[in-house]
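Some notes on the structure that comes next.
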Amino acid sequence: MPKWGMVIDLDKCTACQACVVACKQENNVPSGHLDDAAKARGEVHRDHDIFWMRVLTQAKGEYPKPEIEFLPRPCQHCEKPPCVSVCPVEATYRNEEGLVLQRYDRCIGCRYCMVACPYGVRNFNWHEPEYPMPQALSPAASVDSDGNGRGPQPRVRGIVEKCTFCIQRIEEAKRKAQAEGRPLKDGDVQTACMQTCPPTAIVFGDLDDPNSRVSKLRTDRRAFRLLEDLGTNPRVTYLSEG
Amino acid sequence: MATETPQPPAPNRYEATWWRLTPKTLALMGLLALLGVVVLGSTWLQQFRQGLGVTGMNQTALWGLYVVNFIFLIGLSAGGVIVASGVYVWNATRFKPLARIAEILSITCLLMAMVFIMLDLGRPDRFMNLLLYPQIQSPLIWDFIVITIYLLIAGGLLLLSARRDIAYASQLQVSGMDMARKTFFNVASGLLGKLSPARAEKMLRYLAMAALPGAVLIHSVTAWILGLVKAHPDWHTAILAPLFIISALISGIALLLVVAILCRRFQRLPIPDESITGLGKILGWTIPVAFYFSFAELLTTIYGQEPAHVHTLEVMTVGAYAPVFWFSMVVGLLVPFLILIVPKTRTVAGVGIASTLVVLGVFAKRVDILLPPLMHRFLPYPPGVYLPTQVEWTLMASVWAFGALVFLAISKIIPLAEVAGETK
Numbered sequence: 001m002p003k004w005g006m007v008i009d010l011d012k013c014t015a016c017q018a019c020v021v022a023c024k025q026e027n028n029v030p031s032g033h034l035d036d037a038a039k040a041r042g043e044v045h046r047d048h049d050i051f052w053m054r055v056l057t058q059a060k061g062e063y064p065k066p067e068i069e070f071l072p073r074p075c076q077h078c079e080k081p082p083c084v085s086v087c088p089v090e091a092t093y094r095n096e097e098g099l100v101l102q103r104y105d106r107c108i109g110c111r112y113c114m115v116a117c118p119y120g121v122r123n124f125n126w127h128e129p130e131y132p133m134p135q136a137l138s139p140a141a142s143v144d145s146d147g148n149g150r151g152p153q154p155r156v157r158g159i160v161e162k163c164t165f166c167i168q169r170i171e172e173a174k175r176k177a178q179a180e181g182r183p184l185k186d187g188d189v190q191t192a193c194m195q196t197c198p199p200t201a202i203v204f205g206d207l208d209d210p211n212s213r214v215s216k217l218r219t220d221r222r223a224f225r226l227l228e229d230l231g232t233n234p235r236v237t238y239l240s241e242g
Numbered sequence: 001m002a003t004e005t006p007q008p009p010a011p012n013r014y015e016a017t018w019w020r021l022t023p024k025t026l027a028l029m030g031l032l033a034l035l036g037v038v039v040l041g042s043t044w045l046q047q048f049r050q051g052l053g054v055t056g057m058n059q060t061a062l063w064g065l066y067v068v069n070f071i072f073l074i075g076l077s078a079g080g081v082i083v084a085s086g087v088y089v090w091n092a093t094r095f096k097p098l099a100r101i102a103e104i105l106s107i108t109c110l111l112m113a114m115v116f117i118m119l120d121l122g123r124p125d126r127f128m129n130l131l132l133y134p135q136i137q138s139p140l141i142w143d144f145i146v147i148t149i150y151l152l153i154a155g156g157l158l159l160l161s162a163r164r165d166i167a168y169a170s171q172l173q174v175s176g177m178d179m180a181r182k183t184f185f186n187v188a189s190g191l192l193g194k195l196s197p198a199r200a201e202k203m204l205r206y207l208a209m210a211a212l213p214g215a216v217l218i219h220s221v222t223a224w225i226l227g228l229v230k231a232h233p234d235w236h237t238a239i240l241a242p243l244f245i246i247s248a249l250i251s252g253i254a255l256l257l258v259v260a261i262l263c264r265r266f267q268r269l270p271i272p273d274e275s276i277t278g279l280g281k282i283l284g285w286t287i288p289v290a291f292y293f294s295f296a297e298l299l300t301t302i303y304g305q306e307p308a309h310v311h312t313l314e315v316m317t318v319g320a321y322a323p324v325f326w327f328s329m330v331v332g333l334l335v336p337f338l339i340l341i342v343p344k345t346r347t348v349a350g351v352g353i354a355s356t357l358v359v360l361g362v363f364a365k366r367v368d369i370l371l372p373p374l375m376h377r378f379l380p381y382p383p384g385v386y387l388p389t390q391v392e393w394t395l396m397a398s399v400w401a402f403g404a405l406v407f408l409a410i411s412k413i414i415p416l417a418e419v420a421g422e423t424k
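Which chain is which? The protein sequence lines are E and R, in order. Residue numbering for the first sequence follows the working numbering, beginning at 1 and increasing consecutively. Residue numbering for the second sequence follows the working numbering, beginning at 1 and increasing consecutively.
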């Protein structure tokens with residue numbers, strides 16, 4: 001059984017946002033709502049935009065040596081996810097491969113999981129999601145054990161959605177490997193953000209395989225994880241000379 | 001006992017008039033129904049159709065006015081029941097004239113809280129999922145279970161304590177009462193009449209004993225919805241539940257006093273002055289406990305200087321939420337405390353003013369507990385803002401109108417004071 005994990009090398013990241021765009025296309029993440037855009041121009045900006053992958057920025061240092069730091073932020077896919085235990089209807093769960101997933105059809109939209117997530121990776125559909133070009137929707141599909149669509153499946157208003165580590169690509173790679181009669185090997189699964197990253201800052205793979213690139217990078221001396229003190233055990237590791 | 005026919009009471013007294021639906025009462029109920037049913041329903045439908053994006057809530061302020069009201073109302077409900085069950089458990093006869101109002105208020109507040117939590121859901125149409133796929137680890141499910149049990153206890157408490165009045169009302173040959181209520185009185189008194197007086201008294205005592213820890217539990221669980229979340233450090237403290245309980249107690253007593261004074265004034269309810277000023281004195285001496293809990297929390301935060309805690313504290317006391325914080329501390333606690341402990345100002349009017357301030361102050365406290373900690377984020381997200389929209393204000397006002405309607409309607413079925421007299 002694979003244990004999926006990710007390593008993001010912040011020393012390589014150029015904050016080009018390609019991962020953000022690739023994620024939006026791959027997973028049919030709705031574009032911003034026109035109402036919100038108007039509000040942002042006019043009165044108060046209310047953050048209603050949905051990002052499964054988002055690049056956070058933080059200014060550091062003082063003049064004359066100001067610095068800005070970038071942090072690409074997918075779901076951390078915690079081994080002890082605080083979001084899962086608070087969900088009143090088990091709409092979010094952690095599967096046997098360690099992916100934290102969302103059941104779109106069961107979520108009642110209470111947003112408790114979003115309140116409980118210390119990383120802020122979860123998103124709520126504040127409006128009916130708009131897909132301006134339905135013909136351009138990603139056809140990639142994933143179905144859970146109850147037969148409900150997940151991952152790129154188009155959403156409805158009033159529910160929570162989040163990064164799945166591109167579960168549809170994981171399933172596709174498994175199908176392919178099975179058809180060819182071989183086990184999955186390192187590099188078979190590439191998440192959309194990893195595939196598109198120009199400086200190859202993002203690496204995805206199986207943490208159970210000691211020879212995979214993620215496993216090796218995870219023991220790098222530059223490695224750290226976000227908010228480690230909270231005891232969530234994220235499956236995303238960052239590298240930084242810091 | 002049951003064979004003697006009750007004497008019709010003197011006209012114009014509460015005992016004789018409580019059930020009457022005067023044109024004034026009907027007009028008020030109509031107005032409340034317009035706001036609390038029609039406006040509530042249509043605005044809610046609009047919010048459901050367009051999505052919660054029509055509210056001021058957003059990616060940072062994930063919860064807003066609806067959850068503030070939910071927490072506030074659970075507290076009011078718990079506070080009311082603590083007073084009512086205190087009367088039955090310790091036989092505090094001085095406050096018996098207030099017990100009935102406390103029971104009806106606590107049921108009303110619970111119903112309002114349930115409406116508010118429904119308003120907050122993105123998919124209220126999937127509410128049944130709470131019954132179909134409950135996840136017992138979730139504090140929201142604990143709350144759901146506790147609220148349901150508590151509603152049953154509060155309902156039982158009300159019916160049992162009002163059993164003599166119900167029997168009395170069914171025996172009274174009042175002309176002009178509508179069929180619906182006549183039927184209710186006959187059925188209810190028939191059912192309650194099967195209990196022997198001694199048995200009913202015993203059941204009432206047991207229920208009151210269960211209601212007391214129940215009231216503490218229901219508000220603790222509500223506090224734990226926030227307090228068990230480690231993503232927001234200012235919630236994640238052990239003092240949160242005790243702090244909620246003490247705010248619940250003072251706001252519940254204060255609301256009870258405000259409503260009692262209003263009912264006394266407008267419905268000629270026979271409540272002696274001493275009941276009101278006596279409870280006002282208790283309220284006054286409970287306020288320092290609230291101060292103490294807040295102080296313990298602030299001292300720990302200030303002495304520890306942990307960045308996340310300090311940041312939230314700044315937002316609360318000198319930042320965007322400073323007016324709310326200082327209002328709750330000074331106008332909502334300090335001023336009423338002074339009014340209530342000085343014997344000269346502890347008149348019925350003084351208690352009324354102080355209690356109103358306490359209710360408003362605790363509401364402000366709920367805003368302060370929910371929003372600044374919620375809006376703290378560990379990772380460098382852009383700072384969030386929360387300004388409730390007109391939809392939220394409209395829905396909030398209409399749920400309060402709905403609550404007033406429920407209270408008024410119950411008070412026309414079950415009298416706010418014992419009308420049957422002491423027949424033992």
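Just so it is clear, CB atoms sit at the ideal spot from N, CA and C, and this is done for glycine as well.
- Beta bridge pairing from DSSP links Met6/E with Phe204/E, Val236/E.
- Contact note: Asp120/R reaches chain E through Gly109, Cys110, Arg111, using a C-beta cutoff of 9 angstroms and chain order.
- With three or more CB-CB distances shorter than 8 angstroms, the region 107 to 116 of chain E counts as touching the region 72 to 87 of chain E.
- Residues Gly214, Ile218 of the same chain have their beta carbon placed closer than 6 angstroms to that of Tyr150/R, with the five preceding and five following residues left out of the count.
- Asp146/E sits exposed, since fewer than 16 C-beta atoms from the chains shown fall within 10 Å of its C-beta.
- Excluding its 5 nearest sequence neighbours in each direction, Lys3/E has C-beta neighbours in its own chain below 8 angstroms: Glu97, Gly98, Asp206, Leu207, Asp208, Arg235, listed in chain order.
- Closest in alpha carbon position to Ser275/R, among Pro124/R, Ala92/R, Pro242/R, is Ala92/R.
- CA-CA distance, Leu405/R to Ile414/R, rounds to 14 angstroms.
- For Ser142/E, the beta-bridge partners assigned by DSSP are Arg150/E.
- At least one beta carbon of chain E lies nearer than 9 angstroms to the beta carbon of Gly384/R.
- Against chain R, the beta carbon of Asp144/E has no neighbour under 8 angstroms; the closest one sits roughly 13 angstroms away.
- The beta carbon of Val348/R lies closer than 7 angstroms to those of Ile261, Asp273, Ile276, Thr277 in the same chain, with the five residues before and after it left out.
- Residues of the region 134 to 145 of chain R whose Cβ lies closer than 8 angstroms to any Cβ of chain E, in chain order: Pro134, Gln135, Gln137, Ser138, Pro139, Leu140, Ile141, Phe144.
- Going by beta carbons, Val310/R and Thr60/R fall outside the 9 angstroms limit.
- The beta carbon of Glu103/R is closer than 6 angstroms to those of Ala84, Leu157, Leu158 in its chain, skipping five residues each way along the sequence.
- From the beta-carbon of Leu227/E, the residues of chain R found nearer than 7 angstroms are Phe378.
- The beta carbons of Val216/R and Ala78/R sit closer together than 9 angstroms.
- Within the region 303 to 322 of chain R, not one residue has a Cβ closer than 9 angstroms to any Cβ of chain E.
- When the beta-carbon positions are compared, Leu110/R and Leu65/R stay at least 9 angstroms from each other.
- Here Ala188/R has Ile166 as same chain residues with Cβ atoms under 6 angstroms from its own Cβ, once five neighbours each way along the sequence are excluded.
- With its beta carbon at least 9 angstroms from every one in chain E, Pro23/R lies outside the interface.
- Secondary structure at Tyr93/E: strand, using DSSP grouped into helix, strand and coil.
- Residue contact with chain E for Asn69/R: absent (no Cβ-Cβ distance below 9 angstroms to any residue of chain E).
- Closer than 9 angstroms to the CB of Met6/E there is not a single CB belonging to chain R.
- In the DSSP assignment, Thr183/R falls within the alpha helix (DSSP H) that extends over 179 to 193.
- Contact with chain E is absent for Gly227/R, since none of that chain's Cβ atoms lies less than 9 angstroms from the residue's Cβ.
- Residue environment for Ile170/E: buried (at least 16 other C-beta atoms within 10 angstroms of its C-beta).
- Identification of chain R residues near His48/E by a Cβ-Cβ cut-off of 8 angstroms yields Gly53, Asn58, Gln59, ordered along the chain.
- Taking C-alpha positions only, Val68/R is separated from Val367/R by approximately 6 angstroms.
- In its chain, beyond the 5 residues on either side, Ile8, Leu10, Phe224 have a beta carbon closer than 6 angstroms to the beta carbon of Tyr238/E.
- Every candidate beta strand (DSSP E) stretch fails here, since none sits fully inside the region 269 to 301 of chain R while reaching 3 residues.
- Around the beta carbon of Arg106/E, 16 or more other beta carbons sit within 10 angstroms, so the residue counts as buried.
- Here Arg126/R carries a helix assignment [DSSP, helix/strand/coil].
- Beta-bridge pairing by DSSP links Ile50/E to no other residue.
- Here Thr22/R is exposed. Its C-beta has fewer than 16 other C-beta atoms within 10 Å.
- Burial state of Met128/R is exposed, judged by a 10 Å Cβ sphere holding fewer than 16 other Cβ atoms.
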